[in-house]
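First up is the structure itself, then whatever we jot down about it.
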Amino acid sequence: MVVFERPHALLDVPLHYCPGCTHGIVHRLVAECLDELEIEGKTIGIAPVGCSVMAYDYFGCDVIEAAHGRAPAVATGVKRADPSKIVFTYQGDGDLASIGTAETVHAATRNENITVIFINNAIYGMTGGQMAPTSLVGQVTQTSPYGRDPKLCGYPVKICEMLSQLEGPEYLARVTVNNVARVREAKKAIKKAFQNQIDGKGFSLVEVLSACPTNWGKTPKDALKWIDDAMIPYYPLGVYKDRSADQENR
Amino acid sequence: MAKLTFKTDSCKGCGLCVDACPKDLLEIAKDKINRKGHHPAQLKEGADASCVGCASCAIMCPDCIITVER
Ligand SMILES: Cc1ncc(C[n+]2csc(CCOP(=O)(O)OP(=O)(O)O)c2C)c(N)n1
Ligand code: SF4
Ligand code: SF4
Ligand code: SF4
Chain Y
12 MVVFERPHAL LDVPLHYCPG CTHGIVHRLV AECLDELEIE GKTIGIAPVG
62 CSVMAYDYFG CDVIEAAHGR APAVATGVKR ADPSKIVFTY QGDGDLASIG
112 TAETVHAATR NENITVIFIN NAIYGMTGGQ MAPTSLVGQV TQTSPYGRDP
162 KLCGYPVKIC EMLSQLEGPE YLARVTVNNV ARVREAKKAI KKAFQNQIDG
212 KGFSLVEVLS ACPTNWGKTP KDALKWIDDA MIPYYPLGVY KDRSADQENR
Chain P
5 MAKLTFKTDS CKGCGLCVDA CPKDLLEIAK DKINRKGHHP AQLKEGADAS
55 CVGCASCAIM CPDCIITVER
């Protein structure tokens, strides 16, 4: 009996990501959810600009490439044009939390019935490791060689906490994939974010703390540890909003 | 006894599967180089009999290299 294999919705092609980059794990979790919910055939993904720019080569569903940061706006158009489709965006932190902040906030406050997979790796991966809005205080990057100085660059943006102040969004959760148990938790959150859309509940975003060993200058193993040591203390894991569950408990 | 199959040619030698195995059954094959130029992961010699098929290695692999049967 097969207990683990590549999901059908993840095409059998090599991923271009660096060794140990956890973008690959998150791709697989999304594909597993498309398989289990039997929605691969009616799903449309929206790819970002960033390392995952070529996500369209990897998923079995249709994928549209959006301009940098505009994935939630493109997703809004696609979903409103054909509400029978399942629409998700897959975006990095440079894409979603910097150039695309406006699109993110407004799609959330409108409670667009879309699913957003947000990869927070605290860096601009694709362009060679510049500081992201999510880079931690003191984090050394190509553009903060002495560490991020909040006096100069402000503080890292906490997307889940920020969006949870809005009435609009249905579901906001932060997960990570740095060990087996957390990969399973991340899968549950991503599946819920898709199920919410199927049920018509609205904007569901899962933030995944993700490793970028290359631009963090760490081995894949140390990169997973850095998520525990540096990222989780500033970006606590958990559910930041779950409107339906809150209403049931009332 | 479980059976692991590695898609060795696409393995990037990142070692995350090695660290994930609770029974320490995997290793990076320093004496082998695959088509991508990486040292691929493999089961240690004689380890197949000890593999319980928990799939921890496969779950942590970013590149879907490992298929697990039980
Ligand atoms: C309009 C525009 N501005 C800037 C860029 C350059 N650019 C490409 S990717 C990127 C950021 C990528 O970082 P992130 O979204 O965190 O994704 P990652 O690569 O880390 O997965 C930037 C600024 C661009 N392609 N288009
Ligand atoms: S640069 Fe970072 S985010 Fe991009 S593929 Fe490499 S490890 Fe992954
Ligand atoms: S299936 Fe479990 S026991 Fe077997 S090699 Fe993988 S992690 Fe180790
Ligand atoms: S985790 Fe996957 S890619 Fe990395 S060494 Fe193991 S089998 Fe190869």
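Same order as they appear, the protein sequences are chains Y and P.
Numbering-wise (my numbering), the first sequence opens with residue 12 and increments by one.
Numbering-wise (my numbering), the second sequence opens with residue 5 and increments by one.
For glycine and all other residues, C-beta sits at the position ideal for the given N, C-alpha and C.
Here residue 16(Y) carries a coil assignment [DSSP, helix/strand/coil]. Excluding the 5 residues flanking it on each side, residue 244(Y) has no same chain C-beta neighbour closer than 7 Å.
Straight-line measurement puts the Cα of residue 66(P) at about 16 Å from the Cα of residue 196(Y). Taking 4 residues as the shortest admissible run, the segment 15-44 of chain Y contains no complete alpha helix (DSSP H) segment at all. Interface criterion not met: the Cβ of residue 12(P) is under 8 Å from no Cβ in chain Y.
For residue 89(Y), same chain residues with a beta-carbon under 8 Å away, outside a window of 5 residues either side, are 55, 57, 75, 96 and 98 in chain order. Rounded to whole angstroms, residue 146(Y) and residue 136(Y) show a C-alpha spacing of 12 Å. Taking non-hydrogen atoms of ligand 4 into account, the C-beta of residue 52(P) is found less than 7 Å away from none of them. By the Cβ neighbour-count rule, residue 39(Y) is buried, with 16 or more other Cβ atoms within 10 Å of its own. Distance from the CA atom of residue 215(Y) to the CA atom of residue 66(Y), rounded to whole angstroms, is 20 Å.
By a beta-carbon distance limit of 8 Å, residue 213(Y) contacts residue 180(Y). Their separation comes to about 7 Å. Residue 221(Y) and residue 242(Y) have their C-alpha atoms some 10 Å from each other. The alpha carbon of residue 82(Y) has as its nearest neighbour, out of 229(Y), 226(Y) and 129(Y), the alpha carbon of 129(Y).
Between the alpha carbons of residue 105(Y) and residue 116(Y) lies a distance of about 15 Å.
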